[in-house]
Each structure stands twice: as C-alpha cells, then as structure tokens.
Amino acid sequence: MNDSAPDISGGGGDMTPGVSDVAQFSPRSAILGYALGLAFAIILTLVSFFIANTQLIWQPSIPVALAVLAIAQIGVHLVFFLHITTSPDNANNVLALAFGVLIVFLIVVGSVWIMGHMNDRMMPMDQIMQMQR
Amino acid sequence: MSTTILGLPPAGIDPYRVGRMGGGRSEPPRRHETGPAPKRIVVGYGFWIFLLSDIVMFSTFFAAHAVLRGAFAGGPTGRDLFNIPNVAVETALLLASSFACGLAAVAMETRNMLWTQVMLLLTGLLGLGFLLIEVNEFATLVAHGAGPDRSGFLSSFFALVGCHGLHVTAGLLWLGTMMAQIFVKGFAPRVYRRMLCFNLFWHALDIIWVAIFTFVYLYGVAA
Amino acid sequence: MLGKLTWAAIPFDQPIPLLAGAIVFAALLAVIVWIIVKGHLPYLWNEWITSVDHKRIGVMYVLLALVMLVRGFIDAIMMRSQQAFAFHSQGYLPAEHFDQIFSAHGTIMIFFAAMPLVIGMMNFAVPLQLGVRDVAFPTLNSTSFWLTATGALLVNLSLVIGEFAKTGWLPYPPLSELTYSPGVGVDYYIWALQISGVGTLLTGVNFVTTILKIRAPGMGYLRMPVFCWTALASSLLIVAAFPVLTATLAMVALDRYLGFHFFTDTGGGNMMMFMNLIWAWGHPEVYILVLPAFGVFSEVISTFSGKPLFGYRSMVIATMAICIVSFTVWLHHFFTMGAGGDVNAVFGISTSIIAVPTGVKMYNWIFTMYGGRVRYATPMLWSVGFIVTFIIGGMTGVLLAVPPADFMLHNSLFLVAHFHNVIIGGVLFAGFAGLTYWFPKAFGFRLDETWGKRAFWFSISGFYIVFIPLYVVGLMGMTRRMQHYDVAEWRPWILIAAFGIIVMFCGMVCQITQLVVSIRMRHELRDETGDAWDGRSLEWSTSSPPPAFNYAVLPDVRGEEPYWQIKGRAIETQQLPDEPDYRAIEMPRNSPVGFITAVFCTFTGFALIWHIWWLVIVGLVAAYVTFVVFAWRNVEEFEIPAAEVAAIDRERRLARQAWLDARAQVSEPA
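Protein chains in written order, with the numbering used here: chain A, 315 to 447; chain B, 5 to 227; chain C, 825 to 1494.
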C-alpha cells in the first residue's frame, strides 16, 4: 500500500468504480462519454415527464413505463457516469452492485408485499372504534 | 519465511484429508491473487461499498413511502401538492451538476487546476440551486399546512426527499472542503482519491434522485 | 440551557440503579486515578486510545464486550431473581424498573456484548489470517470502535441520568411513541444505537474491502480460512442490514422529535411497518453475529482435531447461502401479526430452508472431528458444547418456523429459551472459544486450562439449568417479560432457572479467575514459538504477540492452510526457510481522530436525548472540524526501518529454530 504518486496502472487488472480505463485516458473520449450519458439521461427524463402527464397512452401502463424508464436511466448513469461495465476487472464492483440491488429489491418488494397483506386484513379503523365503544 | 515452499504436501501430515484434494495444491498466483491492491483501488472500492449501504438506507425510506403512499389521513394528496415543473427544474439542475462533476474529474485527470476548480464550482452552484428549490418547496408545503406532521404520506415524503437533500448538503460541504484542499495541496494522491470518491457520491445522489422523481413525484401525480 | 435535563433526572428514589451507578462510577474513578498516578496515561494514549493497529482495536473491542457482558449478565440475574420472588407478590423490582432491565439486558447483550465480541475477533484475526499488515482503513477502524464505545457509554449513562427504554430491546410502536413513552428512555436507546450503528456500518465497509482487496500474494478466495469467509459474509450483512436499522430508528426519532406519522396510531401512521422494517434488519443481524461464530468453531475444531476442515468448499457455499437467505426470512418474527396464510407460508418455508446450510456446517464439523486426534483443550470444549447446544437451539427454531406452532409459542418463554439457546450456545460460546484460542496470539501466553475448563462446565450446565425450565414454562403458556405471576405450576421451574443462573454466575467467576490466574502465571504459560496450538492458518506463523507490522515479509501463499505447509516443510527439512530480504515497512500513523470524534458524538448524542440544541450544533461542528483537520494532515504513515524489521524477525526465527531443534530431539530416539 505504497502511497506515492496516483498509480495510473490500474493495479493487478482491477478497477475501481467511477474511473474509466485510466491506462489509455484521453480527455476527448472521456468528455464524449459523459456527454453521451447526459444526452441519454435527458431523453429518458423528458420521456418520463411527458408520459406521466399524457392522455395519449393507455393509463394503466404508465406506472410500468415510468418504472422501466427510471431503471433504464439508472443504468445509463451507472454505465456512463460511474463507469460500471461488464469487463472482468470490474467483476468485484458489479458483484457488489448486484448484491446491493438484490437487497434493495428484497426490502422494497418484501415490505410492499407484506404490508399490503397486513393492510388488507386490517379491520377498518371505524369498526375498531365501534368495538372500543 | 516464504521463499522456499515447494508446494509438495509435506509427508506424514495428511491423515484424513477427506473431501479436499490433496490440500497442498500449488498453483502460480492467478489474477486477483497478486497481493494487496493499490490504495486507489482499495479506497474506491471501499467507498463503493459504503455507497451501496447508503442506497440500502434510501431503499428503506422508499419502502416506507411505498407503504404510506395512500395514508393521506384526510389531508392533501400528491396530486394536490406536487409541482411537476419545479421537479423538472430540480432534475435538470442535478443532472447538469452531475455532468459538471464528471467534467471536473476529466480536468483532474489532465491535472488542469483551473478547469478542475471551475467545474467543481459549477457542480456546487448547480447543486446549491437544486437545494434552494427543494428548501423552498418544503417551506411552501409547511406554510400551507402540508408539513410532515399532517399525514403518514407526507411524513414519508419529507423523510425520503429530505434525506436526499441532507445528502446533497453534506456533499456541498464536502465539495467546498475539497476545493480548498485541491487549491492548497494540488493534486496529491490523497486529494485525487477523495475526488474519485466525491464523484461516485455525486453520481449516486443523481441515481437516487431519478428514483425519487419517478416513484415519488410522477407516481404521486399519476396515481 | 440544559433542555429537559434537571435534577429530577437522577433517580434519587430508586436505590438500586443509583447504588449500581455509584459503584461503577467509583470504580471508574479509581481506575482513572490509578492510571494517572502511576503515569500510565501517556502509554494508554499512545499505545491504545489512538492506536490504529487492528490487533489493539480488536483487543479493545473484546474488552468492551466483556465488560458489557458482565453488565448484561447482572441484568439477567436481576430478572431471574425477580421472577423467583414475584410469585403472588410484586418481588423486589417495581414494574417500571423491571421493564428497563429487560430492555437494557437485550440491548446491551446484542449491541454492546455480542457485536463487539464478534467484531473484536474479526479485527484481531482477519488481517493476520489474510497475511497482511492491517485492514483497508485503519483510522476508520479506530473511529468505528470509539463510536461503539460511545453507544455503550450512553446506554450505561441512562442508569443514573434519566431512565432507559421500557419497551423491550426493540422499541415497538406505538408504545415507543411520544404519547406512551414520554420519558427519555427511548431517546437513549435511539441515539446510543444510531451512533454505535454508524460505527458498525463502517466496520462492515472496512472488512468487506479488506477481505476482497487486501490479501497476501497468492491468497485466493478459496484459500482463505473459513473464519475470513464468515467475516466477509457477516460484513456484507452489516453493510446491507445496518442501513435499514439506521433508517428505521431515524423514523422513530422523527416521530418522537418532529411529530412525523411513520408508526403512530394516528395521522395515517402504520405501526406494523415498524415490525416489518426492524426485522428486515433484525434477522440478518442474527446471522451477522452467528456466522463469525461458525468461523471461530471451524478454526478451533480443525486445529484441535489435527485435520483440515472437512468440506471446506461446502462450508464456503453454506456461509454465502446463509448470507443471502437470511434476507428472506424476516417475517417469521411476526407471523402472528396477521399477514395471512400465503405470506406466512412463504416465510415459514424460507426459514426452514435456512436450516439446511446450517445443518451442512454441523456435519462438516462433526466429520472434521471424526478420525482426528481430538485434543480437548478449553477452546475445543466450548466448540463441542456449541455443537450439542446449537443443535437443540436450531431444532426449536425450526419448530418455531412453522407458523401454526409459532401462533402457540409466540412471545412465550419458549421463544426466549430458543434464542438464548442459539445466541449463548452459538455466539457466546464462540466468543469464549475464540478468546482462549487467540489469547496466546494476542498476549504471548496461554490462559490457564484448569480454570478455563471449570468455567466451561459451570457455564454450560448453568445454561441448561436455566433454559430447559424456560422451554417448559413456555410450553405451559408463560409469556416473556412478566414482572410477576400467580400460576403455581410455573413456580418450581422458575426456581430451577433461578438456581441455574447461580451456576452460570459461578462460570463467570471462573472466567474472571482464569484471567487473573493466567496473568499471574504468565511466565509459566508463556508461548515462545508463536504457534501455541499447533495451528494451521497464517496467524500462527508470526510471533506472539505479533509485531506491529504482523509479517516482516508478506507470506507467499501457495495453497490452502499455508502455515501448515510451511511448518511441514520446515519439519521435513529440519530448517527454516532462507532468511528473506528485509525491507523498510510503512505503517499507518496513530491518530486520535476516532477518539475525538467519539467524544463529540457522545456530547451530541447526550444533547439530542435531553434536547440541548446548542450542544447538538457544537458537537456536530466540532466533529466536522475534526474531520477537516484529519483530512489536512500531510504525513499518514511512518516507516519502520529495515534494520528494525530484521532484528524483530530474526528473534522470531531464533525462537522457531529452537522449537524445531527441540522437536527433532523429541522425535529422534536418543
């Protein structure tokens, strides 16, 4: 763990998130990457805001479409801004991310599922009040 | 102590190696087995893990909001309260800020002090703009009697969005400190690593915001 | 100026906590005075408080855990004795006080005894086993420890200033809401746990990074000792689960401080959501504790059976399987809340499934012992005791995983007996096994075997005498947390349990005696070789106690059980490997930043509890300043010159050579 100059080598075929391939860094392509990510993000955001308020498409599909767009945009951010790729030197980063996504999924979906059932089976509040009377 | 291992299983110490092939298998080091990783990798990875934990924390607030999104308690709903154009401006500011942060990283990579500072300043100003709009939105809501104590729905809204806002605030504090540090110390390795982490942090906040504007605001007005 | 804090906060009318507080305070004062008078303060400051050495931090964690274990055990004695007296009477503890005791007992035992015990062992052993010099972020590690200590301090402060929560070890709303708990008890709970929770989270981040990124050359994933694997799984669980705790407690705090409606019974709050969220953390937490315990037993059983661990790969797979599945079972803590048959069935099944990898581990340990030359030293006794005890606890757990059975047994003493059975039999026994196992590595001398065995026999028999009766009264319908009762059938069992806790107390006395006796006899118990137990993993290849840099040269790992190979090679050739080329070593400098941050966090936490807002701000600003000052320092590391490294390592080699020669003389018939 020698702390000399910032090692550009990438060290043992390993990468850290947030850095594109430093060994062959060129400002032009890096800026281009960010710009491309920005463009994708803008498009996806615009579509999201548009379909949320539109009557043009079948209404029940809107939440699904919004969720898909959000996930797509998160993907864009991960790839273009955080430089998470599928290359082998990124394996650890991707595995950690996959673990995190799994946990997020379990907590959110699990909570919604469990609490939905709880609420369904809950006696309505006014009936509880009547019983207490 | 380690220079003369021949890798042969030492004689007579292998009584019951059930289920394990020979024990003393000896192979040349493979990839990822070349000893401790360089500090840049270690710091970046550690911060990445921390960010994942942060995202799990947000997911808890998201789960709470998903559960309480119908708990209006007779109070206002998302449709009554949310100002979507406002949210669009916030989104644009944060996205631009994220982009500027990326450019700062590029400038840092080329060791260009001026552009690094300019881009970091831009990052900060755009983030500050986002924050001010958010504070204004919160103040307006509270002033109209739609504060967090009004209903479970609003509690979860304020907690989730406020938590993101707190992260942005902390990020701005970090950014200011780091700009001063870059100014004083230049691109020292430690400063470089900190910048790397800040980049990750700022982009991650943008990812959280994508989830917030979709699942809180747009769902709130659509539902 | 002082918020809600007045003289009324000190419970002058309650002699027990006040007396206990006075004794603790006097003892603390005496220790501090002794330290200052004897001039140990600079040593303590330079070598321990500001130390970023993972071994020192590990020792401090374990020390904290042991002190808190005694505190929690005293609570347990009070509960058992109260129930022994409180048949047709009020006993000697008023309900209000009794409620605080069972809350404090659970909180302290889980957060400030079991967690530091496990994290302390991870701190001490993992970098050594990986063959490296320190964890990924040494200063952060020190900060983690001191934040944990802050939490422990706040909980104990509640004994004399104010009160502790009366809500149980998890503050279930609406009882924990301001309406029903207007005092500061729940606030103490919240802030103590938030602060120590941050420390734990940072530990998790630190160890995930360490294990995945910082290993000796050649130490591939499938060459790591099982303890490292379990530490990795446990750290991953910390990283994934503790944010949930932080968020959930933040919601309770928002409810209490700012009138939010997360869990209130009015305004659209949903108190059932608290059970859901807190157990989404709470169940992984169980595995955060018990997985490293499994790791300790794997090391101990393999070492003392003189065999490699049976089924290493299946052990690794089982560990990682538990790591994932543990996130899919949390609802079994509230089957009775009424989620309905389908939801309950899914979680009942996943709960039963998690017993499978645990069963795999059990068989692996048993097969490791099979055919081995088992040495029943104290760590091995704890391990065998664990196998028997944990199987009983696991079986009752599978029983509780069946929702219809759980409806009968929920919140009964059967449940209490079950989780004590797995936590005492799993985590605590692992703590004691690990303590005796790694003690010679940490201090250079063994613990006394006689007293260790006495402690084991008293503890395990006391454990059964306490908890088998609790299973029985649980089946008879006695619920947990009863301050008094009037069912005659329960009475004899409760008295037996009370007798059992006396036996356990003898076990504790033996443990303390063991420490005292061992320290006094340290010269006889000295281990010169660094390999006190004929060990197999890398930590035994360095000297005891290890030098600050652990290894003069990072070991070059060529297989599983690298030290066993090195040792076998040395025995075979009758000589040590050639002397390596010593180089200067850079080590992280000590730093007071962890301690200072924790001091400010203590103030901030205390101020938040008592609504002293200016102090909150002062504390936060001071913590920020501390971090900036830390970020500004220029020199992070110091260098140990090559000559010094060589001198230290040559001494080790001398000891090893002496051991080798002695061994040759014994094995060759004269």
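Just so it is clear, CB atoms sit at the ideal spot from N, CA and C, and this is done for glycine as well.
Give a yes or no on whether the C-beta atoms belonging to residue i and residue j are separated by under 8 Å.
| i | j | result |
| --- | --- | --- |
| Leu132(B) | Ala108(B) | no |
| Val1251(C) | Ala1065(C) | no |
| Ile881(C) | Phe969(C) | yes |
| Val60(B) | Ile417(A) | yes |
| Val390(A) | Gly351(A) | yes |
| Thr963(C) | Gly1418(C) | yes |
| Tyr1136(C) | Glu1384(C) | yes |
| Pro1412(C) | Val1029(C) | no |
| Phe1191(C) | Phe1134(C) | yes |
| Pro1227(C) | Phe1151(C) | no |
| Met1043(C) | Leu1115(C) | no |
| Ala1479(C) | Thr1397(C) | no |
| Arg1270(C) | Ala1169(C) | no |
| Ile1318(C) | Ala900(C) | no |
| Ser425(A) | Ala147(B) | no |
How long is the line joining the alpha carbons of residue i and residue j, rounded to whole angstroms?
| i | j | result |
| --- | --- | --- |
| Phe162(B) | Met1097(C) | 17 Å |
| Trp1206(C) | Asp1272(C) | 15 Å |
| Ser102(B) | Trp178(B) | 15 Å |
| Ala1376(C) | Pro1369(C) | 14 Å |
| Leu893(C) | Met933(C) | 6 Å |
| Ala353(A) | Trp213(B) | 17 Å |
| Glu871(C) | Ile45(B) | 30 Å |
| His929(C) | Ile1284(C) | 20 Å |
| Arg342(A) | Arg154(B) | 51 Å |
| Gln907(C) | Asn1188(C) | 40 Å |
| Ala319(A) | Val195(B) | Because Ala319(A) carries a pLDDT of 35, less than 50, the predicted location of this residue cannot be relied on, and no value is offered for it. |
| Leu209(B) | His168(B) | 7 Å |
| Ala3(B) | Trp1434(C) | Lying outside 5 to 227, the shown extent of chain B, residue 3(B) is not represented and no answer is given. |
| Cys201(B) | Pro331(A) | 9 Å |
| Ala1483(C) | Leu1400(C) | The displayed chain sequence assigns Trp, not Ala, to residue 1483(C). Looking at the two C-alpha atoms, the distance is approximately 11 Å. |
| His1242(C) | Met884(C) | 30 Å |
| His1107(C) | Asn1235(C) | 16 Å |
| Pro33(B) | Gly1359(C) | Bear in mind that a pLDDT of 45 at Pro33(B), under 50, signals an unreliable position, so the number given afterwards is only what the model happens to contain. About 24 Å. |
| Gln444(A) | Met432(A) | 20 Å |
| Gly28(B) | Asp434(A) | For Gly28(B), the pLDDT reaches just 39, beneath the cut-off of 50, and the residue's location in the model is therefore unreliable, although a value from the coordinates is still provided. Looking at the two C-alpha atoms, the distance is approximately 59 Å. |
| Gly128(B) | Leu971(C) | 31 Å |
| Ile137(B) | Asn90(B) | 8 Å |
| Ala1229(C) | Met1186(C) | 25 Å |
| Val225(B) | Leu1294(C) | 54 Å |
| Tyr1261(C) | Tyr1111(C) | 22 Å |
For the putative contact between residue i and residue j, defined by C-beta atoms under 8 Å, what is the C-beta separation to the nearest angstrom?
| i | j | result |
| --- | --- | --- |
| Pro1203(C) | Val1124(C) | 5 Å |
| Leu1036(C) | Asn407(A) | Incorrect: roughly 10 Å between the Cβ atoms, too far for contact. |
| Val984(C) | Leu829(C) | 12 Å between Cβ atoms; not a contact. |
| Gly1249(C) | Phe1214(C) | 5 Å |
| Val1381(C) | Ala1074(C) | At roughly 43 Å, the Cβ-Cβ gap does not stay under 8 Å, so Val1381(C) and Ala1074(C) are not in contact. |
| Ile1038(C) | Ala960(C) | 6 Å |
| Leu164(B) | Val220(B) | 6 Å |
Original post:
Is the number of C-beta pairs between the stretch 70 to 86 of chain B and the stretch 151 to 170 of chain B that are closer than 8 Å three or more?
Top reply: Using a C-beta cut-off of 8 Å, the stretch 70 to 86 of chain B makes contact with the stretch 151 to 170 of chain B, since at least three inter-stretch Cβ pairs fall below that distance.
**OP:** Please name the residues in the stretch 190 to 209 of chain B whose beta-carbon is closer than 7 Å to at least one beta-carbon of chain A, in chain order.
**Re:** Residues Pro193, Tyr196, Leu200, Asn203, Leu204 and His207.
Subject >> Interfacial residues, the stretch 103 to 117 of chain B to chain A, with Cβ spacing under 7 Å >> reply: Going along the stretch 103 to 117 of chain B in chain order, one finds Phe103, Gly106, Leu107, Val110, Glu113 and Thr114 with a Cβ nearer than 7 Å to chain A.
Original post:
When you check each C-beta in the stretch 367 to 379 of chain A against every C-beta of chain B, which residues fall closer than 9 Å?
Top reply: Within the stretch 367 to 379 of chain A, the qualifying residues are Asn367, Gln373, Ile376 and Pro377.
**OP:** Pull out every residue of the stretch 127 to 156 of chain B whose Cβ sits closer than 7 Å to any Cβ of chain A, in chain order.
**Re:** Taking 7 Å as the cut-off between beta carbons, none of the residues of the stretch 127 to 156 of chain B comes near chain A.
**OP:** Determine contact between the stretch 912 to 924 of chain C and the stretch 1297 to 1310 of chain C, defined as no fewer than three beta-carbon pairs at a distance below 8 Å.
**Re:** Yes, they touch.
Original post:
For the stretch 1160 to 1172 of chain C, which residues have a beta carbon sitting closer than 7 Å to at least one beta carbon of chain A?
Top reply: Residues passing the 7 Å Cβ filter: Met1161, Gly1162, Ala1163, Gly1164 and Val1167.
Original post:
Listed in chain order, which residues of the stretch 62 to 76 of chain B have Cβ atoms closer than 7 Å to some Cβ of chain A?
Top reply: Cβ contacts with chain A: Ser63, Thr64, Phe66, Ala67, Ala70 and Val71.
Original post:
Relative to chain B, which residues along the stretch 378 to 398 of chain A have a C-beta separation below 8 Å, given in chain order?
Top reply: From the stretch 378 to 398 of chain A, only Leu380, Ala381, Leu383, Ala384, Gln387, Ile388, His391, Leu392, Phe395 and Leu396 have a Cβ closer than 8 Å to chain B.
Original post:
Counting Cβ pairs, one atom from each stretch, are 3 or more of them under 8 Å apart for the stretch 1387 to 1395 of chain C and the stretch 969 to 981 of chain C?
Top reply: Contact fails between the stretch 1387 to 1395 of chain C and the stretch 969 to 981 of chain C, because fewer than three Cβ pairs, one in each stretch, are under 8 Å apart.
**OP:** Check distances from the C-beta atoms of the stretch 1067 to 1097 of chain C to those of chain B and list, in chain order, the residues that come in under 7 Å.
**Re:** Taking 7 Å as the cut-off between beta carbons, the residues of the stretch 1067 to 1097 of chain C near chain B are Pro1067, Val1068, Thr1070, Ala1071, Thr1072, Met1075, Leu1078, Leu1082, Gly1083, Phe1084, His1085, Phe1086, Gly1091, Gly1092, Gly1093, Asn1094 and Met1097, in sequence order.
Original post:
Using 8 Å as the Cβ pair cut-off and three pairs as the minimum, do the stretch 1047 to 1057 of chain C and the stretch 941 to 954 of chain C touch?
Top reply: Using a C-beta cut-off of 8 Å, the stretch 1047 to 1057 of chain C makes contact with the stretch 941 to 954 of chain C, since at least three inter-stretch Cβ pairs fall below that distance.
**OP:** Examine the Cβ distances between the stretch 1445 to 1460 of chain C and the stretch 997 to 1012 of chain C and report whether three or more of them are shorter than 8 Å.
**Re:** Flag = no, the stretch 1445 to 1460 of chain C and the stretch 997 to 1012 of chain C do not touch.
Original post:
Looking at chain B, which residues of the stretch 402 to 416 of chain A have a Cβ within less than 9 Å of any of its Cβ atoms?
Top reply: So the close ones are Pro402, Asp403, Ala405, Asn406, Asn407, Ala410, Leu411, Phe413, Gly414 and Val415.
**OP:** With 7 Å as the limit, tell me which residues of the stretch 432 to 444 of chain A have their beta carbon closer than that to any beta carbon of chain C; keep them in chain order.
**Re:** Only those residues of the stretch 432 to 444 of chain A whose C-beta falls short of 7 Å from the nearest C-beta of chain C are listed: Met432 and Arg435.
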